[in-house]
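To start, the structure itself, in structure tokens.
In the numbering used here, the protein residues as written are 1009 to 1559.
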């Protein structure tokens, strides 16, 4: 048996030539063949239209493979009536060969096919590409605008540079004019300590041209030898520490006389980060002569001031003595008023004794009571004398003392006298505060202020006759306020009330308040001020709180 034997029977015999089977077999294979033939045409059309494919030949292989498959179905139809099995086998072999090649190439090209972007990815890439194109177009537009701006800027800068050069030339001319008209020598020095410029004013100041000073040694040669070290030290410090320097020294004139000059120097940083000195030399010879004259005048003035101070000190001693005697007179008046009541009581006691003797009613008990009563009044008068003596002979030694005690002691001295005048003395001093100084001097200040308040109340005939002491304190100071109801003082004289020999009363000598201010500020290291309040004058005294030397 051979491959091309014609003794085979047609395939219709296998179907017993039943019409339904024959027609169905024929129709289905014809439809399959038609579909298979249409697919290669579509693939060829696709390959022709898509010239950007990476492997178009693979689509051609698929087309050949599908075309061969369709042809086998045509042969299946023909084999119903003609036994062309040999042709069918050959075509199957060709189809198998094409399919094997296609399968092998498909597997080989599969990784590359997988790398092909999907439609979604292609759309995204397309969008990105469009965005990049738009960005590129925008960048190109910006570049064109930037180029246009740069061209405009170059043009503007060129114009500015031209104007700058013109201004620079004008500045150079102006600078030259200024240098020529400045009444000082302008000079410069580089960081190698070499003089690089000296203005022409040196000729007017020293009598020789700047060309004679070719370097720093020539400049140093005309400086007084005793000033060399100070000048060199100032220059080196200015260059090393970048700080301005000033020095006065002597320089030799052309006529060989020495003149005093003032040299000022300032460090300037250049564009190459190097430093140079820009300096000025001023003529200071007239200043030197004037200062010499001023020193002589100062000596004479100092002598006169010392004499004036000595005279003022002597005058202050006289004022202090007068104030002390005035305080003593005030104290004597207060003591006289304090003695009046004990003397009256003593007089009544003696009169009672005399009357009892006349009426024969005197006995030992009555006599003893009268003696005790008289001795009590005498003791009271003696105590007043002791207080007066302590005030009179006190050495004003500085010590730590209680401020309320001084207030109450002073009040005891003047209480009776004020009461006789109908003046009520109110003391508000509950806080125990301490100060350092002389309590006698503070009491003297209080007595002077009380006397002034008393005179004001009596002069103005105030209805509410009252003098009030109020003591308050904090951790640092004691504040004593002395107020009265005697009416205020004229604001025009309030600022002068503490001046020496100034008084608002015609009969006064004007030393009381002045001495009060001196004692408070200089001796007690406090302050005193005077203001008007609602009913009269309020004097405020502030003293630093001190209980021991550590405060």
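Even glycine gets a Cβ: it sits at the ideal position worked out from N, Cα and C.
Between residue 1453 and residue 1501, the beta carbon gap of about 20 Å keeps them out of contact (Cβ cut-off 8 Å). Only exposed fits residue 1137, as fewer than 16 other CB atoms lie within 10 angstroms of its CB. Residue environment analysis places residue 1043 among the exposed positions, since fewer than 16 neighbouring C-beta atoms fall within 10 angstroms of its C-beta. Spanning the alpha carbons of residue 1231 and residue 1533 requires a straight line of approximately 55 Å.
When secondary structure is reduced to three states using DSSP, residue 1532 falls in the coil class, being assigned neither helix nor strand. Per DSSP, residue 1435 is one residue of the beta strand (DSSP E) stretching across 1432-1436. In this structure, the CA atom of residue 1492 is about 6 Å from the CA atom of residue 1476.
Counting along the chain, residue 1426 sits inside the alpha helix (DSSP H) bounded by residues 1411-1428. Comparing alpha-carbon positions, the option among 1113, 1110, 1088, 1076 lying closest to residue 1098 turns out to be 1076.
Under the three-state reduction of DSSP output, residue 1543 falls in the coil class, being neither helix nor strand. In this structure, 1080 is the residue among 1106, 1105, 1107, 1080 with its C-alpha nearest to the C-alpha of residue 1094. By the CB criterion at 8 Å, residue 1550 and residue 1535 fall inside the cutoff. Secondary structure at residue 1374: helix, using DSSP grouped into helix, strand and coil. With a contact defined as Cβ atoms closer than 8 Å, residue 1374 and residue 1364 qualify at about 6 Å. Residue nearest to residue 1275 within the set 1294, 1263, 1250, 1259 is 1250 (criterion: CA-CA distance).
With a beta-carbon spacing of about 5 Å, residue 1547 and residue 1490 fall inside the 8 Å limit used to define contacts. Counting C-beta pairs closer than 8 Å gives three or more between the stretch 1404-1411 and the stretch 1440-1449, which meets the contact rule. DSSP, reduced to helix, strand and coil, places residue 1292 outside both helices and strands of the structure shown, so it counts as coil.
A contact between stretches requires three or more CB pairs, one per stretch, nearer than 8 Å, and the stretch 1283-1296 meets this requirement with the stretch 1266-1273.
Taking 8 Å as the cut-off, the Cβ atoms of residue 1069 and residue 1110 count as close. Non-local C-beta neighbours of residue 1029 in its own chain, meaning closer than 6 Å and more than five positions away in sequence, comprise 1023, ordered along the chain. Looking at the DSSP output, residue 1407 shares a beta bridge with 1445. Secondary structure at residue 1521: helix, using DSSP grouped into helix, strand and coil. Between the beta-carbon of residue 1206 and that of residue 1183 there is about 15 Å, and that puts the pair past the 8 Å contact cut. By DSSP's assignment, residue 1287 forms a beta bridge with 1195, 1273. Under the three-state reduction of DSSP output, residue 1100 falls in the helix class. In the DSSP assignment, residue 1077 falls within the alpha helix (DSSP H) that extends over 1064-1086. Bounds of the beta strand (DSSP E) holding residue 1254 are 1253-1260. Counting every other CB atom within 10 Å of its CB across the protein chains shown gives residue 1449 a total of 16 or more, marking it as buried.
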